[in-house]
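To keep things clear, I will list the structure first and then write my remarks on it.
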Amino acid sequence: MTTRDKILEAVRQAQPAYQELREPEIHIHQEEDLAAQFSRTLKAIGGQVYDLQALSEIFPWVIEHLDRDQRVISMIPELSEIAEGVNPQADPHSLEDIGLAIVQGQFGVAENGAIWVTEENMGVRVLPFICQHLALIINKKDIVGTLHTAYARINHADYGFGTFIAGPSKTADIEQSLVLGAHGPISLSVFILEE
Amino acid sequence: MNKTVGLFIPCYIDQFYPKVAIATLQLLEKQGLTVVYPTNQTCCGQPMANSGFEHLTGGCNELFVENFADFDYIVCPSGSCTLHIKEHLHSREEQEAKDIRKRVYELTEFLTDIVKIERLEASFPHRVGMHQSCHGQRGLHLSQMTELVAPPFSKPGKLLSMVKGLEVVELDRSDECCGFGGTFCVAEEAVSVKMGKDRVTDHLKHGAEFITGVDMSCLMHLEGILRRQKSAVQIKHIAEILNPVG
Amino acid sequence: MKELAHAALSARFNEDEPRVDWHDETLWWVRQKRDKMARSIPEWEELREGASQVKEHVLSHLSEYLEMFEEEAIKNGVRVHWAADAAEHNAIVAGILKGHGIDRMVKSKSMLTEECHLNDYLKEQGVDVVDSDLGERIVQLAGEPPSHIVLPCIHWKKEEIGELFHKHLGTPKGNADPQLLTHAARLSLRKEFLTRKVAITGVNFAVAETGEFVVCTNEGNADMGAHLADVHIACMGIEKLIPERVHLGIFLRLLTRSATGQPITTYSSHFRRPRKGQEMHIVLVDNGRSTQLGKADFRSSLKCIRCAACMNTCPVYRRSGGHSYHTAIAGPIGSILAPNLDMEKFADLPFASTLCGSCSNVCPVKIDIHVQLYKWRQVIVQKGYVGAAKKIGIETMNYTLSHPWFYRMAGKAGRWVMRVMPFAVSNKLNPWYRQREMPRAAKTSFTDWYKANKQAAGDNKR
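The structure is reproduced here in structure tokens:
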């Protein structure tokens, strides 16, 4: 008998009588203005939020916030003027010196300021973590209220890797003092596109 | 009311704080109840059970059933003793024990839920800190606990609000445990005392002149600390505030 | 017998009262942040009930979900391993490393690997492990285990961390600025992420329906490790399963709010397939879980999602520190899990509690922790893991309290001694008396008063 069989047998013997899975009864409360809640929440957790009418408005922000010799990278075709493209076959280590990565987010979650991003949006999985600064772009209409709606929206999507990103990387491990920029990006800027 | 009440008095109140029992007795009699104290009672068995010796509590259990079987209500000025009986009373006559478990009440829950008291002839013009004894609060739901997202309420608080001149002080931590915990108070003496000292500090910081509660065990532990600190602050079981005894 | 272990260790912890106050206040503050978050969600109690029900269902169907998860994971290109105990788990991990000829790796937070003492084992095998979570890196450099499952170095002051970093990372002497220290760690660990080829992560939730698993961090260290490594090994206890992806909604809403009072961790990463060219492994670990599963009174402890809300709220934990529990997972949940692993070694833990019940009421999955603590006490005593002196003391108490005439006599005698010869009890041998005055002995017991005043007056006889 393999360990696998031994464990499964032990679990089978030990588990209690089958209890049906009833769908939990949860009366979800959410705010009226989801975009406002999203912005407020994200700012409270250390993110920067900008409202844009058009994607092109991001250009001056990038120019203002970055040193000329810092690498800027993005999968978004409209940004090819200011950012290099992402090669999904690239060795992740080659992205070590990225200053700013601009990634398309799929949607935002108002209750926690998080944005859902998958490998499809990143190109290379390490990209939104290894860059010094991260910018995410979402459409205003793509902000949902809670994680319940979020997962209903994700549904059975066939991603190899996906993540919710809520703010810049952080830690409070030193005497509960909040420090932004642990191992991931030092800052997160979210651009909400009006459409 | 023509109902009979069996008065259930914790062993440490019987031995160390008889005034609390007298106050309880008188308070219940004032509600027009016939109150009897079965003199053969001893203890609910909690000290043994909480120490892992529940299997030895048969003697206490049978004694309890013997003493209290015939009353309409059994009332006790202690949250933890009441909770223990409610949850752990068993007997050779198991149906008897089951019935008793339904009829046993802590004093303040009895006064608010059964007697439905609206007024009290009592005056206590002092600043009072309310210690929320854990078993009464989280076990018997005498008041709302801060852990839950739920509407606030307090049965002892409601009764204290009927006492003239009494001001309840607000605390930093309104329902943190005092650290008595039964044999814990000596088995884990360092932590037990530290917890008690912190409770005392909270009450003192907010200007309490008296600390009250529904459990004399908690108050006994806090009093031990107060007196060691030579503090002027005194403890008073809620029964003694609702019904002052000379 | 280690019955006194927690008591002795926590007594030592309490020798430095200002430090205890600092430790206690820090964790109470985390509890308050949790409260603030919980109260901002009117449906909070419904979430707890929902999460509890899902987990109860999983435990009743665990073997089926394990098989489902394995099947899906394998379809996704992930290699699945099974480990009956800590030793097997450690051997599997070492085996994967050896197979690749690797002797250096990074590890993000995994309480399971702490439980298995993986770091020590790998060190013996000549493998260098760097813990990448800042708190864990700190205790690793200090040569200590973490004291809290979410806030590993909550017991360390920033000046002490400053000294440690000066010694190991070359930060300026005397500097205790969290910003600077964190930045130094960022640079140091970045080098490790970029050069190490194997990353180990924990698993917060594993989804049976899709074979994916979720890893939650604020720092991004799990991701930096995994996405740069050639081999990603994820270690999980078999109880970490949930049925469907959609259930993550409930659990992710509860987890971080309960743990740190944040709405969510910065990263909630869902790993489903290995990166192209990467090897992904999952190690499913039993290590006593199937035994606990078979215990009707204690199986619901396996619902635990390792948020540590119970530790933050526990008035005893806050004043003992995690190390007083001498086990990887401390506090209230640890005290109902550990006796299952080794009842003799951890017989002291269920008694390190006043049974106040705060833990059960902050637990996001509604484990009746304080009820299980009581029940473990009965089991431990029945098995004989209790000191002889305590046993005799309880038996004497029981005799006294079961015999009314003896109880009254002993009471009278005791009170007489306390009044006439107070020094007989109020002395150094009496642990109560160390820091508290004894209660004043009443001249007459209530029983005697009642007999004299009520019964004598003809008021009822029973």
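Residue numbers (this note's numbering), protein chains in the order written: chain F, 1 to 195; chain Z, 1001 to 1246; chain Y, 2001 to 2462. Ideal Cβ placement from N, Cα and C applies to all residues, glycine included. All of these numbers come straight from a predicted model, not from anything done at the bench.
Looking at the unbroken beta strand (DSSP E) that takes in residue i, where does it start and where does it end?
i         : result
F/Asn139  : 133-139
Y/Phe2205 : 2205-2207
Y/Ala2268 : Strictly speaking, residue 2268 of chain Y in this sequence is Ser, with Ala absent from that position. Note, Y/Ser2268: beta strand (DSSP E), 2267-2271.
Z/His1237 : 1234-1237
Z/Glu1106 : 1104-1106
Y/Val2473 : Because chain Y spans 2001 through 2462 in this model, residue 2473 of chain Y falls outside it and cannot be assessed.
F/Phe107  : 107-109
Y/Val2054 : No beta strand (DSSP E) holds Y/Val2054; the alpha helix (DSSP H) holding it covers 2044-2060.
F/Gln48   : 48-52
F/Val72   : 71-74
F/Leu100  : 98-104
Taking 8 Å as the cut-off, decide whether the C-beta atoms of residue i and residue j are in contact.
i         : j         : result
Z/Lys1303 : Z/Ala1208 : Past the edges of chain Z, shown from 1001 to 1246, lies residue 1303 of chain Z, and the structure says nothing about it.
Y/Thr2313 : Z/Phe1180 : no
Z/Gly1059 : Y/Asn2398 : yes
Y/Thr2256 : F/Ser169  : no
Z/Gln1137 : Z/Asp1198 : no
Y/Cys2235 : Y/Gly2288 : no
F/Val62   : F/Ile45   : no
Z/Thr1039 : Z/Thr1004 : no
Y/Arg2377 : Y/Phe2406 : no
Y/Val2198 : Y/Val2231 : yes
F/Met75   : F/Val109  : no
Y/Gly2162 : Y/Ala2176 : yes
F/Asn112  : Y/Pro2263 : yes
Y/Val2214 : Y/Leu2254 : no
Z/Gly1196 : Z/His1135 : no
F/Pro92   : Y/Leu2228 : yes
Y/Arg2196 : Y/Val2093 : no
Z/Val1169 : Z/Val1128 : yes
Y/Ala2208 : Y/Tyr2065 : yes
F/Gly105  : F/Val117  : yes
F/Gln15   : Y/Ser2063 : yes
Y/Ala2330 : Y/Tyr2385 : no
Z/Cys1068 : Z/Gly1006 : The displayed chain sequence assigns Phe, not Cys, to residue 1068 of chain Z. In this structure, Z/Gly1006 lies closer than 8 Å to Z/Phe1068 by Cβ.
Identify the continuous alpha helix (DSSP H) that holds residue i and give its terminal residues.
i         : result
Y/Asp2035 : 2017-2039
Y/Asp2448 : 2446-2450
Z/Ser1154 : From DSSP, Z/Ser1154 is part of no alpha helix (DSSP H); its letter is neither H nor E.
F/Leu34   : 34-44
Z/Leu1204 : 1189-1205
F/Glu158  : Reading the sequence as shown, one finds Asp at residue 158 of chain F and not Glu. Counting along the chain, F/Asp158 falls outside any alpha helix (DSSP H), and DSSP gives it neither H nor E.
Y/Gly2393 : 2388-2402
Z/Val976  : Residue 976 of chain Z lies beyond the range of chain Z shown here (1001 to 1246); nothing can be said about it.
Z/Leu1025 : 1018-1030
Three-pair Cβ contact test at 8 Å for the segment 1206-1224 of chain Z versus the segment 2433-2449 of chain Y: When C-beta atoms of the segment 1206-1224 of chain Z are compared with those of the segment 2433-2449 of chain Y, three or more pairs fall below 8 Å, so the two segments count as touching.
Whole runs of the beta strand (DSSP E) within the segment 2122-2194 of chain Y, excluding any shorter than 3 residues: Inside the segment 2122-2194 of chain Y, DSSP marks whole beta strand (DSSP E) runs of 3 or more residues at positions 2128-2131, from first to last along the chain.
The segment 156-167 of chain F / the segment 2268-2279 of chain Y touching (three or more Cβ pairs under 8 Å): Pairwise C-beta distances place the segment 156-167 of chain F in contact with the segment 2268-2279 of chain Y, as three or more of them are shorter than 8 Å.
The segment 2296-2306 of chain Y touching the segment 2053-2073 of chain Y, judged by at least three CB pairs closer than 8 Å: Yes, the segment 2296-2306 of chain Y touches the segment 2053-2073 of chain Y.
Within the segment 2196-2231 of chain Y, ranges of the alpha helix (DSSP H) (whole runs, at least 4 residues): You should have 2221-2228.
Three or more C-beta pairs below 8 Å linking the segment 2077-2085 of chain Y and the segment 4-19 of chain F: The segment 2077-2085 of chain Y vs the segment 4-19 of chain F: in contact.
Residues in the segment 2413-2426 of chain Y having any Cβ partner in chain Z nearer than 8 Å: Listed in sequence order: Gly2414, Arg2415.
Complete runs of the alpha helix (DSSP H) confined to the segment 2065-2125 of chain Y [at least 4 residues]: DSSP runs (the alpha helix (DSSP H)) wholly in the segment 2065-2125 of chain Y: 2086-2099, 2111-2115, 2118-2124.
Cβ contact (3+ pairs, closer than 8 Å) linking the segment 1010-1024 of chain Z and the segment 2183-2199 of chain Y: The count of Cβ pairs closer than 8 Å, one atom from the segment 1010-1024 of chain Z and one from the segment 2183-2199 of chain Y, stays below three, leaving the stretches out of contact.
Residues from the segment 2082-2104 of chain Y in contact with chain F, defined by Cβ distance under 8 Å: So the close ones are Trp2082, Ala2083, Ala2084, Glu2088.
contact_flag[the segment 1044-1064 of chain Z, the segment 2406-2426 of chain Y] where n(CB pairs < 8 Å) is 3 or more: Contact fails between the segment 1044-1064 of chain Z and the segment 2406-2426 of chain Y, because fewer than three Cβ pairs, one in each stretch, are under 8 Å apart.
Cβ contact check for the segment 1043-1050 of chain Z and the segment 179-189 of chain F: 3 or more pairs under 8 Å: In short, these stretches do not touch, since the Cβ pair count stays below three.
Contact set between the segment 2225-2257 of chain Y and chain Z, restricted to residues whose Cβ is under 9 Å from the partner: The segment 2225-2257 of chain Y vs chain Z, Cβ under 9 Å: nothing.
Contact the segment 2240-2253 of chain Y vs the segment 2055-2070 of chain Y: 3+ CB pairs below 8 Å: Under the three-pair Cβ rule at 8 Å, the segment 2240-2253 of chain Y counts as touching the segment 2055-2070 of chain Y.
Every unbroken alpha helix (DSSP H) within the segment 2251-2337 of chain Y, with a cutoff of 4 residues, ordered by chain: Here the runs fully enclosed are 2289-2293, 2309-2313, 2315-2318.
Within 9 Å of chain Y by C-beta, residues of the segment 84-118 of chain F in sequence order: Cβ contacts with chain Y come from Pro88, Gln89, Pro92, His93, Glu96, Val109, Glu111, Asn112, Gly113, Ala114, Thr118.
Ordered list of beta strand (DSSP E) runs contained in the segment 1035-1081 of chain Z, each at least 3 residues: Complete beta strand (DSSP E) runs here, min 3: 1073-1076.
Residues, ordered as in the chain, of the segment 1219-1236 of chain Z that lie near chain Y by beta-carbon distance below 8 Å: Within the segment 1219-1236 of chain Z, the qualifying residues are Met1220, His1221, Glu1223, Gly1224, Ile1225, Arg1227, Arg1228.
Validate contact between the segment 2388-2402 of chain Y and the segment 2412-2424 of chain Y using beta carbons, cut 8 Å, 3 pairs: Look at the beta carbons and you see the segment 2388-2402 of chain Y not touching the segment 2412-2424 of chain Y: under three pairs across the two are nearer than 8 Å.
Touch test, the segment 1020-1030 of chain Z against the segment 1091-1101 of chain Z, Cβ-Cβ under 8 Å, three pairs minimum: No, they do not touch.
Where the segment 169-185 of chain F meets chain Y: residues whose CB sits under 7 Å from a CB there: Within the segment 169-185 of chain F, the residues whose Cβ lies closer than 7 Å to some Cβ of chain Y are Ser169, Lys170, Thr171, Asp173, Ile174, Glu175, Gln176, Ser177, Val179, Gly181, Ala182, His183, Gly184, listed in chain order.
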